[in-house]
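Scroll down for the structure; my scribbles are underneath it.
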Amino acid sequence: MIEKQQKSAALRANAVVKSFGRGRGRHQVLFDVNVEVWPGECLGIIGASGSGKSTLTRIMFGLEQPDSGDVLFNGASILGVSGRAQRRRLWAASGIVYQNPFASLDPRWTAGRSIAEPLRLAGERDERSIGEQVSRALELVGLEPSEFMGRYPMDMSGGQAQRVAIARAVVKDPQVMLADEAMSAIDVAARMQILDAFAAIRERDPNMAMVLVSHDLGVVQNIADRIVVMHEGRVVESGPTAQILEQPQQEYTRLLIAAASL
289 MIEKQQKSAA
299 LRANAVVKSF
309 GRGRGRHQVL
319 FDVNVEVWPG
329 ECLGIIGASG
339 SGKSTLTRIM
349 FGLEQPDSGD
359 VLFNGASILG
369 VSGRAQRRRL
379 WAASGIVYQN
389 PFASLDPRWT
399 AGRSIAEPLR
409 LAGERDERSI
419 GEQVSRALEL
429 VGLEPSEFMG
439 RYPMDMSGGQ
449 AQRVAIARAV
459 VKDPQVMLAD
469 EAMSAIDVAA
479 RMQILDAFAA
489 IRERDPNMAM
499 VLVSHDLGVV
509 QNIADRIVVM
519 HEGRVVESGP
529 TAQILEQPQQ
539 EYTRLLIAAA
549 SL
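Residues in the sequence shown are numbered from 289 upward in steps of one, following my numbering.
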């Protein structure tokens, strides 16, 4: 477990409330949610579909605005007009991996070009340096650069494409990383390869904060330092991974554990 000696969390959601729709069609999806992830920590956010976990992380990473509450990146708010500069700093320091790599990777681009794009957007112009960084990112996720640099998404398996997406997310050495259901659309063998890739990334960047979103407790048990359990827009339980797995306090958590056959 990470010792929280830093003055501020890498990302913190304070009393976040979020609704969609208006009037009688208004539907509240988050209720006063408080969540934080610390430098060097992997936080697993778990819950069934519709629990609010993906909406929460979109708000935490500045991709949606809450109705109320606050989100802090390195101790400063990212919300509203006053938080615009800090929000841009968060985006520049973030790497995000989504559920479907074939939707997030441009089918017209090779893996090398896709992974290099964040570097070019950040102003990198040295093609040799870009190539070296792309190669290192591919190696980090267990893919051979000579084999995958020129390969297109259509020529990859789902697990290979997802590892390319992960390489793109980490090529700039992000301070914070979000993996939102990154393993739900691939087979068991590919999941293990991706878990190995995440472990290698954390070993390389021991101060990186990581948020791992999943509906499957079995996916996060081997990598998360701490788990937050969400149900119907609320945090119903949180704590160190071993504590949640061995001594769950809530019936909903026990049901998730039973469903994962842990």
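Don't be surprised by glycine CBs; every beta carbon is placed ideally from N, CA and C.
Beta-carbon gap between residue i and residue j smaller than 8 Å
i: L331; j: G350; result: no
i: A399; j: R439; result: yes
i: V458; j: G383; result: yes
i: G447; j: I489; result: no
i: S342; j: D468; result: yes
i: D355; j: V305; result: yes
i: V523; j: I334; result: no
i: V385; j: I403; result: no
i: G313; j: A497; result: no
i: V620; j: V369; result: No answer is possible for residue 620: it lies beyond the span of the chain, which begins at 289 and ends at 550.
i: L428; j: R479; result: no
i: A449; j: P406; result: no
i: G311; j: G521; result: no
i: S502; j: M465; result: no
i: G363; j: S417; result: no
i: A485; j: R451; result: yes
i: I347; j: A301; result: yes
i: L587; j: P441; result: With the chain covering only 289 through 550, there is no way to say anything about residue 587.
i: A381; j: P462; result: yes
i: P528; j: R542; result: no
i: S288; j: V321; result: Nothing can be reported for residue 288: it is not among the residues displayed for the chain, which extend from 289 to 550.
Span of the alpha helix (DSSP H) around residue i
i: A425; result: E415 to L428
i: V458; result: G446 to V458
i: L393; result: Unbroken run through L393: none, as it is neither H nor E.
i: M498; result: That residue, M498, is in no alpha helix (DSSP H); its beta strand (DSSP E) goes A497 to S502.
i: G527; result: Element bounds for G527: not the alpha helix (DSSP H) but the beta strand (DSSP E), R522 to P528.
i: G400; result: A399 to L409
DSSP three-state assignment for residue i, whether helix, strand or coil
i: E435; result: helix
i: D461; result: coil
i: M442; result: helix
i: G368; result: coil
i: I545; result: helix
i: I532; result: helix
i: A512; result: coil
i: A380; result: helix
i: A470; result: coil
i: H519; result: strand
Residue interval of the beta strand (DSSP E) (run including residue i)
i: M480; result: Here M480 belongs to no beta strand (DSSP E); instead the alpha helix (DSSP H) covers V476 to R492.
Residue i: CB within 7 Å of a non-hydrogen atom of the ligand MN
i: S472; result: Absent from the structure shown: the ligand MN. Ligands present: none.
Kindly provide the ranges of any beta strand (DSSP E) runs that are 3 or more residues long and lie completely inside the region 290-361, ordered along the chain. 299-308, 315-325, 330-334 and 356-361
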